[in-house]
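Residue numbers (our numbering): 1494 to 1853. The beta-carbon is built from N, C-alpha and C at its ideal position, and this holds for glycine as well.
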Ligand SMILES: [Zn+2]
Ligand SMILES: [Zn+2]
Ligand SMILES: [Zn+2]
Ligand SMILES: [Zn+2]
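Okay, here's the thing in structure tokens:
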């Protein structure tokens, strides 16, 4: 018996998702799809066909993978930037763009030299004097060594904080609170000598909090956002853990947890991979320099938070409770593009930071 499912007329009446172009036989399946896809202007988009992708990795596949879309792939290979996926009008402007888009590794920290303001140097500790209040985001990275009875504890041994201009705000070795079982020398480059007279963990934590809160209280931050600064890092939970420190979730910008930068199955990429893929240079080839990691996360944050085309489009976006706030009867009456217009992303896009919206 002919069920009619493959009949050309039925195909023509398929319901197409205006964002990712998937097709559905039934309207309710499209609605269901839109509810779980959280399409929005914030999703990574193909500059040629405007298809929405969940992650930059899936956009990359759409443009260069084995199942790439031929016409998009052709235009992209001629006029697209392989790091930021922007498409240009002509080869000249692409070449010009690439000069600024493809970055090179920062010079090794040589820690003390990069501090922008006057500094004091106390047994390997470099602290920028906070005469005025800092602004903008702060990137942080910790290096850890193993300790505890069975060596299973991650102990913070070194920490570095930089500002948006890649100046070091604070850098120090940290005195271990437990006996160290492994200095992980190949990765950390640290020995007993570096840590024995270093700053104590609670002192380090106080200093970091003072920088992040700009001297204001936690209460003030909770009430009105205060003057606290965004904290950028890679897998910050891990770093905050080893510092025995808390910082409000909505103030964290984590390159390991940001949906567009994750694998399509929402597993984190390594910072090494993200830096190679989206900034165009290699890090962590020998001993880890926390300054180098700080610079990489800050550059990633800045690159993906100034997607200006997002910001412009947001103004026209419907401010609604999203698709969930409608009855299914109402949704069935709407066109696919009306449904898409109400769909909202399920993560806080970094581009919103540039509009200084800091909703908890
Ligand atoms: Zn879709
Ligand atoms: Zn956005
Ligand atoms: Zn495309
Ligand atoms: Zn680019």
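task = Examine chain D for any beta-carbon lying closer than 8 Å to the beta-carbon of residue 1673, and answer yes or no.
result = Going by chain labels, chain D is absent from the structure shown, which holds only one protein chain.
query = In whole angstroms, what is the alpha-carbon distance linking residue 1615 and residue 1768?
reply = Your numbering for residue 1615 matches position 122 in the chain shown. Your numbering for residue 1768 matches position 275 in the chain shown. Residue confidence for residue 1615 is low, a pLDDT of 37 falling below 50, so the modelled location carries little weight; the figure read from the coordinates is stated next. Roughly 32 Å between the two C-alpha positions.
key: Cutoff 6 Å; reference residue 1832; Cβ partners in own chain excluding five residues on either side   = Start at 1 with the first residue of the chain shown, and residue 1832 comes out as number 339. Excluding residues within five positions, the ones whose Cβ falls inside 6 Å are 1527.
message = For the beta strand (DSSP E) containing residue 1747, name the first residue and the last one.
response = Locating residue 1747 in the chain shown gives position 254, where the first residue counts as 1. From DSSP, the beta strand (DSSP E) with residue 1747 extends over 1745-1747.
request  = Please name the residue in 1627, 1748, 1551 and 1816 whose C-alpha comes closest to that of residue 1879.
outcome  = Lying before the first or after the last residue shown, residue 1879 is absent from the chain, which here runs from 1494 to 1853.
message = DSSP has residue 1516 in a bridge; who is on the other side?
response = Reading the chain shown from its first residue, position 23 is the one you call residue 1516. Its beta-bridge partners are 1509.
key: Entirely enclosed alpha helix (DSSP H) segments - the segment 1655-1700, minimum 4 residues   = Listed in chain order, they are 1678-1681 and 1685-1688.
ask   = CA-CA distance, residue 1786 and residue 1522?
value = Within the chain shown, residue 1786 is the residue found at index 293, counting from 1. Within the chain shown, residue 1522 is the residue found at index 29, counting from 1. Roughly 44 Å between the two C-alpha positions.
task = Identify, in the order they occur along the chain, each residue of the same chain with its Cβ nearer than 6 Å to the Cβ of residue 1749, setting aside the five sequence neighbours on each side.
result = Against the chain shown, residue 1749 aligns to sequence position 256. Within the same chain, residue 1749 has close Cβ partners 1727, 1728 and 1761.
inquiry  = Could you check whether residue 1672 and residue 1640 sit closer than 8 Å to each other, using their CB atoms as the reference points?
reply    = Reading the chain shown from its first residue, position 147 is the one you call residue 1640. Reading the chain shown from its first residue, position 179 is the one you call residue 1672. Note that the C-beta distance between residue 1640 and residue 1672 is below 8 Å.
message = Less than 8 Å between the beta carbons of residue 1548 and residue 1757, yes or no?
response = Start at 1 with the first residue of the chain shown, and residue 1548 comes out as number 55. Start at 1 with the first residue of the chain shown, and residue 1757 comes out as number 264. For residue 1548 and residue 1757, yes; Cβs fall inside 8 Å.
inquiry  = Our contact map puts residue 1724 next to residue 1637 with C-beta atoms below 8 Å; I'd like the distance itself, whole angstroms only.
reply    = Counting from 1 along the chain shown, the entry for residue 1724 is found at position 231. Counting from 1 along the chain shown, the entry for residue 1637 is found at position 144. Wrong, their Cβ atoms sit about 18 Å apart, outside the cutoff.
request  = Provide the residue(s) that pair with residue 1639 in DSSP beta bridges, ordered along the chain.
outcome  = Start at 1 with the first residue of the chain shown, and residue 1639 comes out as number 146. In the DSSP output, where bridge partners are listed per residue, residue 1639 has 1647 and 1675.
ask   = Exposed or buried, what is residue 1697 when buried is set at 16 or more other beta-carbons lying within 10 Å of its beta-carbon?
value = Locating residue 1697 in the chain shown gives position 204, where the first residue counts as 1. Burial is judged here by how many other beta carbons sit within 10 angstroms of a residue's own beta carbon; residue 1697 has at least 16 and is buried.
request  = Could you tell me if the beta carbon of residue 1520 falls within a distance shorter than 7 Å of some heavy atom in ligand 1?
outcome  = The count along the chain shown starts at 1 and reaches residue 1520 at position 27. Not under cutoff, so the answer is no.
key: Span separating the alpha-carbon of residue 1824 from that of residue 1836   = Stepping through the chain shown from its first residue, residue 1824 is reached at position 331. Stepping through the chain shown from its first residue, residue 1836 is reached at position 343. Approximately 12 Å, taken between the alpha carbons.
task = Measuring alpha carbon to alpha carbon, tell me which of 1739, 1772, 1776 and 1788 ends up nearest residue 1590.
result = Stepping through the chain shown from its first residue, residue 1590 is reached at position 97. In terms of Cα proximity to residue 1590, the closest of 1739, 1772, 1776 and 1788 is 1772.
task = Give the secondary structure of residue 1760 by DSSP, where H, G and I count as helix, E and B as strand, and everything else as coil.
result = On the chain shown, position 267 is the one that residue 1760 refers to. In the structure shown, residue 1760 sits in coil (DSSP, three-state: anything other than H, G, I, E or B).
ask   = At what residues does the beta strand (DSSP E) containing residue 1724 begin and finish?
value = Position 231 of the chain shown holds residue 1724. According to the DSSP assignment, residue 1724 belongs to the beta strand (DSSP E) that extends over 1724-1726.
message = Please classify residue 1665 as buried or exposed, where buried requires at least 16 other C-beta atoms within 10 Å of its C-beta.
response = Here residue 1665 refers to the residue found at position 172 when the chain shown is read from its first residue. The C-beta of residue 1665 has 16 or more other C-beta atoms within 10 Å across all chains shown, which makes the residue buried.
query = Straight-line CA distance for residue 1510 to residue 1829?
reply = Mapped onto the chain shown, residue 1510 falls at position 17. Mapped onto the chain shown, residue 1829 falls at position 336. Rounded to whole angstroms, the gap between the alpha carbons of residue 1510 and residue 1829 is 7 Å.
key: residue 1593 (DSSP reduced to helix, strand or coil)   = As a first step, residue 1593 must be located in the chain shown, where it is residue number 100. Residue 1593: helix per DSSP, three-state reduction.
message = Just to be sure I understand the criterion: a residue counts if its Cβ is closer than 6 Å to at least one heavy atom of ligand 3. Which residues meet that?
response = Going along the chain, the residues that qualify are 1539, 1541, 1542, 1544, 1555, 1562 and 1565.
inquiry  = Is the beta carbon of residue 1542 closer than 8 Å to that of residue 1562?
reply    = Stepping through the chain shown from its first residue, residue 1562 is reached at position 69. Stepping through the chain shown from its first residue, residue 1542 is reached at position 49. Contact flag set, yes.
query = Taking residue 1582 as the reference, which of 1821, 1644 and 1540 has the closest Cα?
reply = For the purposes of this step, residue 1582 is taken as the residue at position 89 of the chain shown. Ranked by Cα distance from residue 1582, the first of 1821, 1644 and 1540 is 1540.
key: Proximity of residue 1741 and residue 1652 at Cβ, strictly below 8 Å   = Residue 1741 sits at position 248 when you count from the first residue of the chain shown. Residue 1652 sits at position 159 when you count from the first residue of the chain shown. Inclusion of residue 1741 and residue 1652 in the CB contact set at 8 Å is not warranted, their separation being larger than that value.
inquiry  = Measuring straight from C-alpha to C-alpha, what distance separates residue 1694 and residue 1647?
reply    = Counted from its first residue, the chain shown places residue 1694 at position 201. Counted from its first residue, the chain shown places residue 1647 at position 154. Each residue's Cα considered, the two are about 13 Å apart.
Residue from 1645, 1598, 1564 and 1533 whose Cα sits closest to the Cα of residue 1778 = Taking the chain shown and counting its residues from 1, the one referred to as residue 1778 is at position 285. When the alpha-carbon of residue 1778 is set against those of 1645, 1598, 1564 and 1533, the nearest one is in 1598.
inquiry  = Just to confirm my understanding: we take residue 1507, look at its own chain, exclude 5 residues before and 5 after, and list those with CB closer than 8 Å. What are they?
reply    = Translated into positions along the chain shown, residue 1507 becomes position 14. Residues of the same chain with a CB within less than 8 Å of the CB of residue 1507, apart from the 5 flanking positions on each side, are 1516, 1517 and 1518 in chain order.
ask   = Taking the C-alpha atoms as reference points, what is the distance between residue 1765 and residue 1596?
value = Within the chain shown, residue 1765 is the residue found at index 272, counting from 1. Within the chain shown, residue 1596 is the residue found at index 103, counting from 1. Cα-Cα distance, rounded: 14 Å.
query = Hey, would you say the C-beta of residue 1750 is under 7 Å away from at least one heavy atom of ligand 1?
reply = Stepping through the chain shown from its first residue, residue 1750 is reached at position 257. No, since every heavy atom of ligand 1 falls outside the 7 Å radius drawn around the Cβ of residue 1750.
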